[in-house]
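Residue numbers (my numbering): 16 to 367.
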């Protein structure tokens, strides 16, 4: 896998050679030591994961309500996510109390659809919902783009284009951004939503691992002890997050999570090469001085997680191992996104 290239990051030196990180030759002693170490860790981490909790995330009720400035706009927006409206609810904003799970007191996701001027009752409802237990996302469409929304952060307000396909894509992206867990049970039951949710899970896990890799590099500046602590934490946390990602993708695509180890044994041959690559790359990066290895560590953590996720996603979606061109594309996409993540994390670090 061609990673480990020098990445230009504000405040970081450009002393990393622009060369791909080597991986151990198949069949070599180093190759098999990596394989054995990864498989052992793979199984140990499986025992530590709360699979019952992960199952509960997918088996629960999708508490999602579309509340519009009028009933028809709420219904139409709900159908963009759930065509038959069987797993989501919809109503006018001023009739929000008709929602079965009480958005004011219960965690869930309310999508407030504003297509024009709001009545006084609708504004009061919006104010109540903005301080309730539920997550509120405000969608502006048509004449609603001119409505001033008070008490809701900009991150939770999204404008939709007129094109239905583009509107659906932007709506799903916004819903996943503000309340990703809410859509998991809906995605398990609605195949049309799985790709968008899977991509969100993969990129979110990749970003989390990249951020952790950046933080775990800090102790390595402490002689001897710092390097040992940072390396151990790095190995454990990054791998655990990747195993968790594989299970979530399995649940999303309708697999039985109660199978646990059997499920991992099934998918291990598919993602195993990505785990091997990541371990080899991280080991080689760990040999570099701390001030040099920051960016490569972030790139390896992000792109390695991304490839594991994409290979697992393909397998659960199609029931077969991804072909070489799909793996190659995943590696290229992972590296491109990883460089962007490294630049973002590096700029935040340099400002501190």
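Built from N, CA and C at the ideal position, the CB exists for glycine as well.
Item                                                                                                                                              : Value
How long is the line joining the alpha carbons of residue 78 and residue 359, rounded to whole angstroms?                                         : 34 Å
Quick one: give me the first and last residue of the beta strand (DSSP E) that residue 83 is part of.                                             : 79-83
Which partner residues does residue 105 have in the DSSP bridge list?                                                                             : 81
Nearest by alpha-carbon distance to residue 228: which of 275, 340, 317 is it?                                                                    : 317
For residue 83, which of 93, 76, 75 has the nearest alpha-carbon?                                                                                 : 93
What is the rounded straight-line gap between the Cα of residue 255 and the Cα of residue 200?                                                    : 22 Å
Can you tell me the Cα-Cα spacing of residue 223 and residue 135, whole angstroms?                                                                : 42 Å
Give a yes or no on contact between the region 210-226 and the region 311-329, applying the rule of three or more CB pairs nearer than 8 Å.       : yes
Using the C-alpha atoms, what's the distance from residue 75 back to residue 197?                                                                 : 9 Å
Cα-Cα, which of 182, 263, 145, 158 is closest to residue 165?                                                                                     : 145
Give the DSSP bridge partners of residue 150, in chain order.                                                                                     : 124
In its own chain, which residues sit with a C-beta less than 7 Å from the C-beta of residue 329, not counting the 5 before and 5 after it?        : 337, 341
Exposed or buried, what is residue 304 when buried is set at 16 or more other beta-carbons lying within 10 Å of its beta-carbon?                  : The predicted position of residue 304 is uncertain, since its pLDDT is 46 and thus under 50; no value can be drawn from it.
Verify whether the separation of the beta carbon atoms of residue 283 and residue 331 is less than 9 Å.                                           : no
Between residue 345 and residue 325, is the Cβ-Cβ spacing less than 9 Å?                                                                          : yes
Can you tell me where the beta strand (DSSP E) holding residue 174 begins and where it ends?                                                      : 172-174
Using DSSP with H/G/I as helix, E/B as strand and the rest coil, what is residue 155?                                                             : strand
Skipping 5 residues on each side, what residues in its chain have a beta carbon closer than 7 Å to that of residue 351?                           : none
Considering only DSSP beta bridges, list what residue 360 is partnered with.                                                                      : None; residue 360 has no bridge partner.
Name the two residues that bound the continuous alpha helix (DSSP H) containing residue 142.                                                      : 135-145
Would residue 272 and residue 100 be called neighbours here (beta carbons separated by less than 9 Å)?                                            : no
Thinking residue 128 and residue 154 are a contact (beta carbons under 8 Å), I'd like their distance in whole angstroms, please.                  : 5 Å
Output the distance between the C-alpha atoms of residue 226 and residue 253, rounded to the nearest integer angstrom.                            : 10 Å
Among 157, 96, 109, whose alpha-carbon lies nearest the alpha-carbon of residue 180?                                                              : 96
If I'm right that residue 132 touches residue 125 with Cβ under 8 Å, what's the distance once you round it to whole angstroms?                    : About 20 Å separates the two Cβ atoms, so there is no contact after all.
Leaving out five residues before and five after residue 268 in sequence, what residues of the same chain have Cβ atoms less than 7 Å from its Cβ? : 209, 331, 332
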